[in-house]
Amino acid sequence: MGLPPGGSTMKKIVTLGLLGLLLVSGMGGVPLLTHHTNDGPAAHRADSHFSDSLEFSPLSLDQRDGYAVIDCAQATSYTMGGDLPRLPVVTMTYTLPFGTRVSGVTVTYAGEQNHPLPALPAPAPSAHLLSLIETSPASRPVAYQQAEYPERSFSYSTAAGLWNGQRATFLSVHLYPARYHSAANTIRYYSQATLDITYAPAEPLTLPDVYDLLILTPTDYTGQLQTLVDHKNANGVDTVMVTLDDIPQQGTDIQESIKYYIRDAIEQWGITSVLLVGAGVEGEEQFPVRYAWIPSGRYEEKFPSDLYYADVYDANGSFSTWDADGDGKYAEYPDDVAAIDIIPDVYVARLPCNNAFELRTVVSKIVSYEESNAMTNVIVQIGGDTFPGDGENVNEGEFANEEVLKRLPGYESVRLWASTGDLTKGNIIRAINQGADFVDFSGHGSPLSWATHAPNDDEVWLPQKTFYSPYSGFLYVDYTWTFNFKKLPAVVFNACSCSKFSATPDCISWVTLRKPLGGGIASFGASGIGYGSYGTSETDRLFGWMEVNLFEGMYTTKVLGPVWSDAIAEYATSFDLEEVDYKTLLEMALFGDPTLAIADGTSPTPR
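Those letters in the sequence shown? Residues 1 to 607, per the numbering used here, in order.
Below you can see the structure in the form of structure tokens.
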């Protein structure tokens with residue numbers, strides 16, 4: 001339709017039947033299960049089904065800080081938020097051929113037990129802003145009002161998207177083996193669950209293999225981008241550039257027309273990566289922005305979400321609109337949840353450049369990186385006390401830094417921490433200039449800066465101001481002093497709004513890339529208000545989880561687009577999603593080249 005001519009997770013996989021049905025267990029190392037399918041070729045059956053059985057280890061009860069801590073060995077996650085008890089959740093994710101339609105899921109529990117609790121259950125972690133606006137934790141009384149929690153014994157969801165480079169349909173089943181009865185202060189617990197899943201097999205999917213990368217851009221930038229197109233084509237990434245003027249109007253607005261065009265490019269060219277080029281400052285958009293309408297109190301009503309352009313298909317293979325109620329406000333929670341598939345169908349990144357000079361600078365950095373980058377096995381880690389006053393007395397940013405390093409075997413960490421007195425602007429600049437593969441910022445943020453707290457002191461923001469930089473925090477202007485052109489790191493901001501490119505042309509995540517002769521090669525961050533949790537729960541979910549898993553992805557997967565997409569897919573299929581989870585996923589932004597690998601260059605030069 002209008003296309004120009006073209007030339008710490010343990011997973012267990014089992015093949016089922018001729019269609020290659022795969023099971024991927026949840027995050028907690030669930031034992032290998034036994035599967036059964038109907039006889040005969042799957043492609044000739046109207047309906048097929050399979051069953052799984054899972055045994056739960058004995059309930060674990062512990063007492064901590066005056067609460068009963070409830071757990072089971074198979075837990076892949078835990079309930080969260082809303083003054084509710086923390087209870088184990090076991091998630092099973094099944095990866096099926098793209099287009100498979102799941103028609104029913106039933107779960108039967110056995111081995112019921114009732115356990116009286118010695119105290120009230122420990123409260124579930126809550127989500128808290130990673131913003132520079134509000135950071136202090138507020139104590140919350142525990143008073144469980146719900147008669148039985150969770151109300152359901154299981155839930156499930158389906159989605160479609162890319163996983164390990166393959167198009168698939170995902171089924172996630174969330175099991176609640178422990179349910180709390182507030183009136184009696186008891187836990188109902190089961191020792192076994194049996195899952196029965198009915199599905200309609202997919203038709204075989206065959207896509208052409210014409211292009212790998214689609215670059216979408218305003219006409220004004222085609223000259224600067226031709227260098228990148230030529231470089232990619234010369235290095236095995238078949239690339240095509242299309243201007244916004246060439247995209248036909250086939251949607252309700254220009255954003256939807258672009259998304260339809262991406263769908264057509266998947267189906268007619270087989271593209272897997274898309275690079276969006278052009279700034280998105282509200283009212284001055286060079287490349288159209290789709291806003292997601294999930295507010296954060298009085299601080300934010302909407303935020304830009306490039307995931308919209310990546311989430312092309314729903315679970316059934318139909319177009320994913322993001323506007324179930326048709327009111328023109330996209331991704332509203334809960335009104336539009338039925339129209340949000342979430343898992344990317346293409347790897348999408350943006351270069352939110354404001355002018356040709358910025359774009360020329362970044363294209364030059366990408367080409368140079370791919371030709372001459374030499375890995376150093378060094379990461380710069382910057383953190384402090386994200387939420388002073390948490391009950392565990394944990395410096396969440398530093399804790400998250402430590403969890404990241406566990407996923408990077410063989411790496412040396414340059415730690416610039418609040419607790420050691422090393423978190424200064426000068427030290428950050430010096431560490432970047434000395435050369436590193438990665439930079440890990442964990443704390444709070446705004447579109448223009450990143451910052452954190454001194455331990456147990458929510459009045460002090462770090463790094464502190466200097467004569468040359470007269471405001472606290474690491475500001476976008478502080479990149480002026482980076483001249484690390486021989487070694488450009490990939491940067492992750494675990495913080496609010498550092499990638500909110502709709503708010504300012506000087507968004508700090510973008511300044512990371514556009515800085516000539518320094519800065520970074522790519523950045524990941526939140527395009528809106530981000531969320532975290534107190535204490536050691538910081539990396540269990542929300543942006544702390546993203547921080548850890550993005551770095552693990554860059555260490556193992558290496559290519560930026562799949563790193564971004566796999567993190568979103570893994571998160572979306574690991575948790576029973578709530579409003580803050582949807583926002584976390586929709587605001588995860590990648591600035592850079594989605595086909596770039598964090599690896600040695602093709603012809604590295606001695607350093």
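Positions of the beta carbon are idealized from the N, C-alpha and C atoms, including for glycine.
Under the three-state reduction of DSSP, residue 563 is assigned to helix. Take the alpha-carbon of residue 199 and the one of residue 265: they are about 29 Å apart. Residue 511 and residue 281 have their C-alpha atoms roughly 14 Å apart. In the pairwise beta carbon analysis, the region 196-211 is classified as touching the region 100-112: at least three pairs are separated by under 8 Å.
Between the region 575-586 and the region 348-361, the count of C-beta pairs closer than 8 Å stays below three; the two stretches do not touch. For residue 494, the closest C-alpha among the options 545, 507, 467 and 536 is that of 545. Comparing C-alpha distances from residue 179 to each of 241, 169, 259 and 90 shows the shortest one belongs to 90. Annotation: the continuous beta strand (DSSP E) that includes residue 110 extends over 101-110.
One Cα belongs to residue 115, the other to residue 187, and the distance between them is close to 5 Å.
Taking C-alpha positions only, residue 157 is separated from residue 496 by approximately 28 Å.
Comparing C-alpha distances from residue 388 to each of 455, 367, 521 and 231 shows the shortest one belongs to 455. A distance of 8 Å or more separates the beta carbons of residue 417 and residue 443. For residue 310, the enclosing alpha helix (DSSP H) begins and ends at 307-310. Inter-residue distance for residue 55 and residue 208 is about 44 Å (C-alpha atoms, whole angstroms). Counting only the Cα atoms, residue 536 lies some 24 Å from residue 177. Taking C-alpha positions only, residue 153 is separated from residue 595 by approximately 42 Å.
If you ignore the 5 residues before and after residue 549, its C-beta comes within less than 7 Å of the C-beta of 567 and 570, all in its own chain and listed in chain order. In the three-state reduction of the DSSP assignment, residue 52 falls in the strand class, which pools E and B. Residue state for residue 432 is assigned as helix, using DSSP reduced to three classes.
The distance from the Cβ of residue 311 to that of residue 336 is about 12 Å, inconsistent with a contact at the 8 Å cut-off. Counting only the Cα atoms, residue 379 lies some 5 Å from residue 413. Look at residue 363 here: in three-state DSSP terms it is helix. Boundaries for residue 400: no beta strand (DSSP E) harbours it, while the alpha helix (DSSP H) harbouring it runs 396-406, taken from the DSSP string.
Around the beta carbon of residue 517, fewer than 16 other beta carbons sit within 10 angstroms, so the residue counts as exposed.
Between residue 81 and residue 520, the alpha-carbon positions lie close to 36 Å from each other.
According to DSSP, residue pairing for residue 350 in a beta bridge involves 276 and 591. Within the model, the alpha-carbon separation for residue 376 versus residue 222 is close to 34 Å.
In this structure, 128 is the residue among 499, 128, 93 and 552 with its C-alpha nearest to the C-alpha of residue 297. For the pair residue 365 and residue 562, the Cα-to-Cα distance works out to about 20 Å.
Rounded to whole angstroms, the Cβ separation of residue 408 and residue 575 is 24 Å, and the two are not in contact under 8 Å. Here the alpha carbon of residue 539 sits roughly 13 Å from the alpha carbon of residue 78. Using a C-beta cut-off of 8 Å, the region 417-426 makes contact with the region 395-404, since at least three inter-stretch Cβ pairs fall below that distance.
Residue state for residue 536 is assigned as helix, using DSSP reduced to three classes. In terms of CA proximity to residue 530, 542 leads the group 542, 484, 368 and 522. In the structure shown, the three-state DSSP call for residue 574 is helix. Of the residues 437, 425 and 348, the one whose Cα lies closest to the Cα of residue 480 is 425.
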